[in-house]
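Peer 1: According to our numbering, the stretch in the sequence shown is residues 412 to 625, in order.
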Amino acid sequence: MQVSPSLLSADFGNLACDIRMINDSDASMLHLDVMDGVFVPNISFGFPVMQHVKELCDKPLDVHLMIVDPQKFIHEVKDCGAAFMTVHYEACTHLHRVVQQIKAAGMRAGVALNPATPVGLLRDIIADLDMVLLMSVNPGFGGQQFITQTLNKVRELRSLIAVSQSHALIEVDGGVNMQTGSLLAEAGADVLVAGNYVFKSANPHETIAALSRL
Ligand code: DX5
Ligand code: ZN
């Protein structure tokens, strides 16, 4: 299982220390949650912070934009060293164009779905995607409870990917712990995002290792 720890739950007073831990861990990527206070009812961090993260982090950066009009910031996200740029389905009127622009900028393109957004809406774009991020909580905050219906969405997405011959990874974000993580592994998830469960644990390094063994 690939693990993408979410920096949202790290110690913002000492990000360098937490990023060194990530560098030394089994994490496959580092998940960066950008929030604008409009698309979601919270504001997290933006490009100046991500520029520092880029300098410190050896892992690929997995950038999750919870913002309106994400197409305005493709070049800024690229400049922050993002490997994956994930935009919300609900935030893009012209999703196909945004996905093509992300790829033309040299990043891998992801699309995130809120809990109430059906997987079937991706049918005509799934072949173009490198990642689908299924939100298993309503986006905006760390530490929320996993929404169980996400397991059905993972199974449905797994079969949509198979019939479309898509290579998209299935990433799940929100309320991930060992218990929900093992159900997600069984359902067919490829990447688990974990914020609170990693950073509030006694030994984050070992928690990442345990999740990656799922
Ligand atoms: C929520 C963010 C998540 C968040 C997950 O809006 O997209 O990435 O950090 O946090 P946990 O793992 O604590 O639910
Ligand atoms: Zn996220």
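Glycine is no exception: its CB is placed at the ideal position from the N, C-alpha and C atoms.
Quick caveat, the model's predicted, so the values are computed rather than measured.
1) Quick test of your reading: Val543 and Ala579, contact by CB under 8 Å. State the CB separation rounded to the nearest angstrom.
2) Mind checking Thr561: buried by the 16 CB within 10 Å criterion, or exposed?
3) Are Cys491 and Met461 close, meaning C-beta to C-beta below 8 Å?
4) Which term fits Met589, buried or exposed, when burial requires 16 or more other beta carbons within 10 angstroms of its beta carbon?
5) Would you check if the distance between the CB atom of Met432 and the CB atom of His616 is smaller than 8 Å?
6) Any heavy atom of ligand 2 inside 7 Å of the beta-carbon of Val604?
7) Is any non-hydrogen atom of ligand 1 found closer than 7 Å to the C-beta of Asn607, if you look at the structure I gave you?
8) Since I believe Ser417 is in contact with Ala600 (beta carbons under 8 Å), could you give me their beta-carbon distance rounded to a whole number of angstroms?
9) Does the beta-carbon distance from Met496 to Ala523 come in below 8 Å?
10) Got a sec? Which residues, its chain only, sit under 7 Å from Val414 by beta carbon, not counting five neighbours each side?
Peer 2: So, from the listed chains and residues:
1) For the purposes of this step, residue 543 is taken as the residue at position 132 of the sequence shown. For the purposes of this step, residue 579 is taken as the residue at position 168 of the sequence shown. Yes, Val543 and Ala579 are in contact; Cβ-Cβ is about 5 Å, under 8 Å.
2) Walking along the sequence shown from the start, residue 561 turns up at place 150. A residue is called buried once 16 or more other Cβ atoms fall within 10 Å of its Cβ, and Thr561 is buried on that count.
3) Sequence index remark: in the sequence shown, residue 491 carries index 80 (1-based). Sequence index remark: in the sequence shown, residue 461 carries index 50 (1-based). Result yes, Cβ atoms of Cys491 and Met461 sit closer than 8 Å.
4) Residue numbering aside, residue 589 sits at position 178 when the sequence shown is read from its first letter. By the 10 Å Cβ count, Met589 comes out exposed.
5) On the sequence shown, residue 432 is found 21 positions in, with the first residue counted as 1. On the sequence shown, residue 616 is found 205 positions in, with the first residue counted as 1. Less than 8 Å separates the beta-carbon of Met432 from that of His616.
6) Sequence index remark: in the sequence shown, residue 604 carries index 193 (1-based). Under cutoff, so the answer is yes.
7) In the sequence shown, the residue the question calls residue 607 occupies position 196. It does: the Cβ of Asn607 is within 7 Å (strictly closer) of some heavy atom of ligand 1.
8) The residue labelled residue 600 in the question sits at position 189 within the sequence shown. The residue labelled residue 417 in the question sits at position 6 within the sequence shown. Contact between Ala600 and Ser417 is ruled out by a C-beta separation of about 15 Å, above the 8 Å threshold.
9) Indexing the sequence shown from 1 puts residue 496 at position 85. Indexing the sequence shown from 1 puts residue 523 at position 112. No. Outside cutoff.
10) For the purposes of this step, residue 414 is identified with residue 3 of the sequence shown, where counting begins at 1. Taking Val414 as the centre and dropping the five residues before and after it, the same chain places the C-beta of Asp437, Ala438, Ser439, Leu603, Ala605, Ile619, Leu622, Ser623 closer than 7 Å to its C-beta, in chain order.
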